[in-house]
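This report concerns only the one structure given below.
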Amino acid sequence: MRANCGDLHSNWSDAVIMQPTLKTVIGMYDAVDVGYLPTNIFANYSMSEQVYTTDELGEAASILSIDFFNNSTGTATRNLKIYMAHCDVSSPSSNPWGDWINITSDDLVFSGNVNFASKAWTSITLDTPFDYNGTQNVVLKVADNTGSASGQFYFLCNTNPDQTLRAKGVFGDQIYDPTDETAYQYASATTNRNYIRIVKAKKPTNLQCTAHTHITADLSWTENGNATSWQICLNGDMNNLIDVTTRSTTEYYTLTGLTQNTHYTAKVRSPYGTGYTNWSNEVSFTTFPALP
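The numbering of the sequence shown is the working numbering, which starts it at -4 and goes up by one.
Set out below in structure tokens:
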């Protein structure tokens, strides 16, 4: 771009590269810098809880990744555990001594090191895509158990316009387990909340076994996005996934080389970006005995 003043023009600015994105942005208002959401990098350990609503998240889909914006000039690597769960509240409790939103170990969607870049979005691909149901709010909990501080750091957040509490945080010198709220000390609630981006994709549905013999089985399903290739998991074996090549007709696949008179289960998923959707419903069938 360049500036105009009458018939005079400035030189052109530096060029930037823009790429299309399939990401949903949540929180585009009243941007502020906050040092304790989703993690307090000033501290050795921290934990936060934030609520995002159905109006913001939209229709049901698998959430594959979540992005946070580091608005500081520094970089940092933090060890995070991220939990996501459906909830029926629109804000955390203001009680500083408890009343966290309950979650379980089954709600863990990511565990590992995250490298936060300077003045940029950092994308975290979830280990387990979150199967958002489209009818409830979602609580996002982040536990930072790195064990050391990383200096001054601020993430881009927004202040809720109606001043509703939308986040809660605690930090200190202890390891935080989001599934055990009884172990926490004093926590503070705030109207601030992280400005985030998420990638959503709809998983395949209506998987059926439409026919089978003693050594084959026909599967069909409904593709709810734009995928033209899929992965099939047979009997829960994640080490031997079946890649289904591009098709131009109805989504289907014939399993071959099966063992006679044997019970099988199958499920299917779609690729999306650098990851995959959640798995479809699971179907089961038993091949026929050998022909006489």
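Backbone N, C-alpha and C define an ideal beta-carbon position, used for all residues, glycine too. Being a predicted model, the structure only gives us computed values, none of them experimental.
- Cβ atoms of residue 66 and residue 144 stay farther apart than 8 Å, at about 18 Å.
- Residue environment analysis places residue 128 among the exposed positions, since fewer than 16 neighbouring C-beta atoms fall within 10 angstroms of its C-beta.
- In the DSSP assignment, residue 257 falls outside any beta strand (DSSP E), carrying neither H nor E.
- Looking at 218, 194, 79, the one whose alpha-carbon comes closest to that of residue 174 is 79.
- Inter-residue distance for residue 19 and residue 282 is about 44 Å (C-alpha atoms, whole angstroms).
- Taking each of 250, 188, 218 in turn and checking the Cα distance to residue 209, the smallest one comes out for 250.
- Secondary structure note for residue 49: its alpha helix (DSSP H) is the uninterrupted segment 49 to 52.
- Taking every protein chain shown into account, the CB of residue 52 has 16 or more other CB atoms within 10 angstroms, so this residue is buried.
- Restricting attention to 36, 276, 246, 29, the CA atom closest to the CA of residue 74 is found in 36.
- Residue 60 and residue 106 have their C-alpha atoms roughly 13 Å apart.
- Distance from the CA of residue 31 to the CA of residue 126, rounded to the nearest whole angstrom, comes to 27 Å.
- Between residue 279 and residue 271, the gap from beta carbon to beta carbon reaches 8 Å or more.
- Shortest Cα-Cα distance from residue 122 to any of 29, 273, 182, 286 involves 273.
- In the three-state scheme derived from DSSP, where H, G and I count as helix and E and B as strand, residue 175 is classed as coil.
- Here the alpha carbon of residue 228 sits roughly 44 Å from the alpha carbon of residue 68.
- Assigned with DSSP and collapsed to three states, residue 100 falls in helix.
- The DSSP assignment places no complete alpha helix (DSSP H) segment of no fewer than 4 residues inside the segment 113 to 145.
- Nearest in C-alpha terms to residue 115, of all of 81, 132, 150, 90, is 150.
- 8 Å or more divides the Cβ of residue 138 from the Cβ of residue 163.
- Here residue 220 really is in contact with residue 197; their C-beta atoms are around 5 Å apart, less than 8 Å.
- Under the DSSP assignment, residue 63 falls in the beta strand (DSSP E) whose first and last residues are 56 to 65.
- With respect to the 8 Å criterion, residue 159 and residue 187 are not classified as neighbours on the basis of their beta carbons.
- Annotation for residue 213: the continuous beta strand (DSSP E) segment containing it runs 212 to 217.
- Here residue 22 is buried. Its C-beta has 16 or more other C-beta atoms within 10 Å.
- Classified as exposed, residue 113 has fewer than 16 neighbouring CB atoms from the shown chains inside 10 Å of its CB.
- One Cα belongs to residue 238, the other to residue 231, and the distance between them is close to 15 Å.
- In the three-state scheme derived from DSSP, where H, G and I count as helix and E and B as strand, residue 107 is classed as strand.
- Taking 8 Å as the cut-off, the beta carbon of residue 133 is found no closer than this to the beta carbon of residue 98.
- In this model, residue 110 and residue 195 are separated by some 22 Å (Cα to Cα).
- Counting only the Cα atoms, residue 157 lies some 26 Å from residue 55.
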